[in-house]
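Report on the structure given below.
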Amino acid sequence: MRGITPVVAIILLLLITISMVGFAFMFFTRTAQTSAESGEEQLEQQLQQASGQFSIEGTSPSAQVYVRNRGSAPLANFSVYVDDALVQFSAVGVPPGSIGSINITTQLSAGTHRVKVCTASLCDSYALVRDTLGDGLVLYLPMNEGSGSSTADASGTGNNGAISGATWTSGKSGSALQFDGTDDMVQTGTNRMTKEAFTLSFWIMPFSVQDGGIYFMSPIQGDYATRMRVTPSGQVCSGVMWITDWCYQANYSINTWHHFAVTRQSNETWTVYFNGVPVRSAFLETLPLLTGSFIGRYGDGSTWHYFNGKIDEARVYNRSLSSAEISQLYAKG
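To convert a position in the sequence shown, counted from 1, into the working numbering, add 875.
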């Protein structure tokens, strides 16, 4: 058998050398590519961490979530879940080190919910206790000043009440106003109550059962006005003057606090509530309240319709509250 000639040996050596160079090139190229990809992944992770580090600092009854940006880049891209369901929200970017708010726009029922906010790299959860009693509130007079000639509107719409004659006294919650049944009243500004749907809510303590007993009334418009009143026979009534009133034989006690509310749905169904319980429903048309309201007297100032007693926690909504929400108002006192 003949040996390998020098020429063949050289050719084989060249082939081996070329193969080794090729393998080496492929190895180092792959290694460099892997290192580059790894570096890109690490950079992406670092960027995500820088822009995704946050914590939920708290929530509000009006469905706001407060988040603190603990990263080094603006916090802008996240998802929001309530009770594990994706919800709609509005928000703006939160700078590093700052606290921003997320406003949940999906309607949430009253009660306790679990809210979860997620970025690409992190999720955080927090309890949210939804209180819907501030939704649609266009007049709220807590009457807790205890002194002065006016009582502030806490609804945020600026419908402060001007006090005429009524005096400060102890209330169902904090202070209240006492009306003498002769000439005392509170007059408010425009309360933005519409005829489509509304709610009126008051705590009252009658001192007597005199005729009329108006404790809420709109200004008279073309002989008509929406009103709430008590009668000497122990009834609580609500309706539209010169059209009809719907009354409930409450047999209320004098010198005792009672909660009285009325709701009107967009289908013109009125519901009367006494001490948190629905007691009467009926179909009844109404008029919009656009020019203010009187608390404690008749819309035209007739002397036989003034209220004699205490009034506290006056609320007007531009929506019809549910039975559960009326029960909440009663429980709050």
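Ideal placement from N, C-alpha and C gives every residue a C-beta, glycine not left out. Keep in mind the model is a prediction, meaning the values are calculated, not measured.
Looking at the secondary structure, which residues open and close the alpha helix (DSSP H) in which residue i lies?
| i | result |
| --- | --- |
| A1199 | 1198-1207 |
Do you know whose CA, among the options, lies nearest residue i's CA?
| i | options | result |
| --- | --- | --- |
| T1131 | H988, A938, K1185 | K1185 |
| T981 | V962, T1044, Q1124 | V962 |
| Y1181 | G1151, H988, Q1203, P1081 | P1081 |
| I1079 | A1051, T1063, D1058, L997 | A1051 |
| S984 | A951, V1152, D1006 | D1006 |
| N1126 | G1031, V1111, A1136 | V1111 |
| S1022 | L1008, S1039, R1190 | S1039 |
| V957 | T1042, V1004, S930 | V1004 |
| G1171 | S1202, E1071, R1194, F1054 | F1054 |
| E932 | Q1062, D999, D1058, L950 | D999 |
| R989 | T934, L1008, L950 | T934 |
| L1016 | Q1124, R1194, R1190, T880 | R1190 |
Output the boundary residues of the beta strand (DSSP E) element that contains residue i.
| i | result |
| --- | --- |
| G975 | 974-979 |
| P949 | Where P949 is concerned, there is no enclosing beta strand (DSSP E), given that its DSSP letter is neither H nor E. |
| Y1015 | 1012-1016 |
| F1054 | 1050-1055 |
| V1061 | 1060-1063 |
| V1191 | 1183-1192 |
| K991 | 986-993 |
| G933 | 929-934 |
| S965 | 964-966 |
| V957 | 954-957 |
| S1168 | 1168-1170 |
| G1036 | 1036-1039 |
| V817 | A query on residue 817 cannot be resolved here, the shown segment of the chain reaching from 876 to 1208 and no further. |
| L1008 | Taken as a continuous stretch (DSSP letters only), L1008 belongs to no beta strand (DSSP E), as it is neither H nor E. |
| S1045 | 1042-1045 |
What separation, rounded to the nearest whole angstrom, lies between the Cα atoms of residue i and residue j?
| i | j | result |
| --- | --- | --- |
| S926 | A995 | Residue placement at S926 cannot be trusted, given a pLDDT of 46 that sits under 50; what the coordinates show is reported in the next sentence. Looking at the two C-alpha atoms, the distance is approximately 9 Å. |
| N1183 | S1197 | 30 Å |
| E919 | R943 | Confidence in E919 is poor, its pLDDT being 48 and thus under 50, which makes the residue's placement unreliable; the coordinate value appears in the next sentence. Whole-angstrom Cα-Cα distance: 22 Å. |
| A1157 | H1134 | 20 Å |
| L1014 | F1073 | 11 Å |
| I1129 | S1045 | 16 Å |
| S1076 | P970 | 43 Å |
| S1025 | G1036 | 5 Å |
| L1204 | A1136 | 9 Å |
| G1208 | F1149 | 13 Å |
| V1152 | D1010 | 21 Å |
| A1199 | A948 | 44 Å |
| P936 | G1064 | 27 Å |
| L922 | V967 | Here L922 scores only 45 on pLDDT, less than 50, and its place in the model should not be relied on; the value that follows carries that caveat. Taking the straight line joining both Cα atoms gives about 19 Å. |
| F953 | T987 | 22 Å |
| V955 | G1031 | 28 Å |
| A1206 | L1012 | 18 Å |
| Y1001 | Y1192 | 30 Å |
| G972 | A938 | 23 Å |
| T1101 | V940 | 39 Å |
Please check the pair residue i and residue j, which I expect to be a contact at CB under 8 Å, by giving their CB distance rounded to whole angstroms.
| i | j | result |
| --- | --- | --- |
| E1143 | K1047 | About 31 Å separates the two Cβ atoms, so there is no contact after all. |
| V1147 | R1139 | Rounded, the Cβ-Cβ distance is 10 Å, inconsistent with contact. |
| V992 | I979 | Not confirmed; about 10 Å, so no contact. |
| S1168 | W1145 | At roughly 17 Å, the Cβ-Cβ gap does not stay under 8 Å, so S1168 and W1145 are not in contact. |
| G1056 | S1083 | 7 Å |
| S1141 | E1071 | 5 Å |
3-residue-minimum beta strand (DSSP E) runs that sit fully inside the stretch 1111-1159, ordered along the chain: Fully enclosed beta strand (DSSP E) runs of 3 or longer: 1119-1124, 1133-1139, 1144-1149, 1152-1158.
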